[in-house]
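What follows is a short report on a single structure.
Numbering (my numbering), first residue to last: 41 to 368.
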């Protein structure tokens with residue numbers, strides 16, 4: 041049955057794609073009832089993926105990322121590229137589900153079989169981009185979507201995570217950044233492959249674009265130490281307006297150009313290896329968190345020893361690791 045589900049999804053059955061995405065969200069969670077069959081299915085999904093160009097869109101709250109993604113999807117569709125979108129939403133404090141949801145985000149793309157949009161709750165995950173988001177990207181990739189866009193919440197550590205998970209990173213900056221140095225300290229600007237100034241119809245958009253271009257001339261933006269400078273990619277600064285559609289075509293072309301640059305320069309292979317390392321690390325940490333929760337009922341004595349300082353945290357952690365890795 042699992043093979044039939046994957047085959048149906050790869051054949052364009054949208055219900056099958058949605059079901060696979062639901063499995064991606066739950067398989068491996070400590071609270072889920074997923075079994076070996078679901079894990080095996082997700083393993084086959086991972087092996088079938090790897091062809092899509094993964095684009096991360098990040099930036100501070102209020103930057104207009106959702107509107108930008110909506111406009112970018114339209115521009116990519118005009119180039120006859122199929123597009124999947126994983127939109128990371130804040131979790132509802134009551135339901136734990138994504139606040140915005142697929143229906144709100146679908147917008148202008150309802151009825152277009154070349155677009156699939158899925159909202160995904162952060163679920164309070166450390167790092168913002170949890171394993172379900174990465175597995176969801178695999179699903180859309182395996183189902184044949186040529187471009188998969190990850191839209192982040194824009195808070196916390198997820199900007200850094202999206203840089204590790206994507207081949208091309210778009211950093212959206214609204215006009216009126218204020219203190220540009222403070223923005224750079226936030227760790228957002230230096231992960232960009234493409235800078236976008238959103239809401240370009242505002243009067244102060246040109247100044248923001250000039251500030252970003254100036255920062256780039258000083259070497260303060262773009263992925264530093266990742267080989268891009270050596271391979272000749274200069275991070276473009278593009279001012280766009282999702283309201284008017286101005287310059288969005290330029291952004292779509294920049295995404296395509298960067299993908300071609302990665303392939304020609306050999307940087308694509310290096311980034312895929314970095315993504316593979318990040319996925320391995322994420323899976324290992326996810327496994328250890330589940331084991332930690334499993335062992336929690338047996339930790340009372342150990343925690344007492346730590347509280348009374350009869351043991352130290354490092355030794356206690358080694359003991360837990362030994363128990364977690366011991367065959368049951």
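The C-beta atom is built at its ideal place from N, Cα and C for all residues, glycine as well.
Since the model is a prediction, treat every value here as computed from it, not as a measurement.
Close beta carbons around residue i, own chain, < 6 Å, minus the five adjacent residues each side
i, result
"residue 277", "235, 249, 252 and 253"
"residue 242", "215"
"residue 296", "none"
"residue 237", "213, 245, 248, 249 and 279"
"residue 342", "356"
"residue 105", "97, 99, 191 and 212"
"residue 351", "345"
"residue 299", "93"
Candidates the options, of which the one nearest residue i by Cα
i, options, result
"residue 335", "317, 305, 316 and 366", "366"
"residue 103", "78, 358, 192 and 333", "192"
"residue 16", "289, 101 and 255", "Here the chain covers residues 41 to 368 and nothing more, so residue 16 does not appear."
"residue 201", "99, 363 and 332", "99"
"residue 155", "333, 114 and 319", "114"
"residue 207", "78, 327, 321 and 95", "95"
"residue 244", "255, 279 and 233", "279"
"residue 306", "76, 189 and 272", "272"
"residue 117", "149, 205, 63 and 49", "149"
"residue 63", "120, 107 and 174", "174"
"residue 124", "101, 189 and 89", "189"
"residue 230", "255, 106 and 129", "255"
"residue 20", "344, 308, 360 and 284", "This structure leaves residue 20 out entirely; the chain is present only between 41 and 368."
"residue 97", "341, 91 and 108", "108"
"residue 93", "106, 330, 340 and 312", "312"
"residue 91", "158, 321 and 309", "309"
"residue 129", "157, 340 and 344", "157"
Beta-carbon proximity list for residue i, same chain, < 8 Å, skipping 5 on both sides
i, result
"residue 45", "56, 59, 60 and 81"
"residue 349", "none"
"residue 122", "154, 155, 184, 185, 186 and 187"
"residue 29", "Past the boundaries of the shown model lies residue 29; the chain is included only from 41 to 368, so the question cannot be answered."
"residue 325", "none"
Beta-carbon proximity of residue i to residue j, cut-off 8 Å
i, j, result
"residue 160", "residue 126", "yes"
"residue 171", "residue 323", "yes"
"residue 328", "residue 294", "no"
"residue 281", "residue 240", "yes"
"residue 119", "residue 292", "yes"
Close Cβ partners of residue i (< 7 Å) along its chain, the five nearest in sequence each way excluded
i, result
"residue 346", "353 and 356"
"residue 314", "204"
"residue 49", "56, 57, 60 and 183"
"residue 283", "241"
"residue 52", "153"
- On the three-pair Cβ rule with 8 Å, is the segment 82-89 touching the segment 172-184? Result yes; three or more Cβ-Cβ pairs closer than 8 Å.
- Let me know the alpha helix (DSSP H) ranges lying completely inside the segment 286-367, each 4 residues or longer, listed in chain order. Within the segment 286-367, the runs of alpha helix (DSSP H) that reach at least 4 residues and sit entirely inside it are, in chain order, 288-305, 307-335, 340-347 and 353-365.
- Could you give the uninterrupted runs of the alpha helix (DSSP H) lying entirely in the segment 171-196, keeping only those of 4 residues or more? Within the segment 171-196, the complete alpha helix (DSSP H) runs of at least 4 residues are 171-182.
- Going along the chain, which unbroken runs of the beta strand (DSSP E) with 3 or more residues stay wholly within the segment 78-110? For the segment 78-110, whole beta strand (DSSP E) runs of length 3 or above, ordered along the chain, are 93-98.
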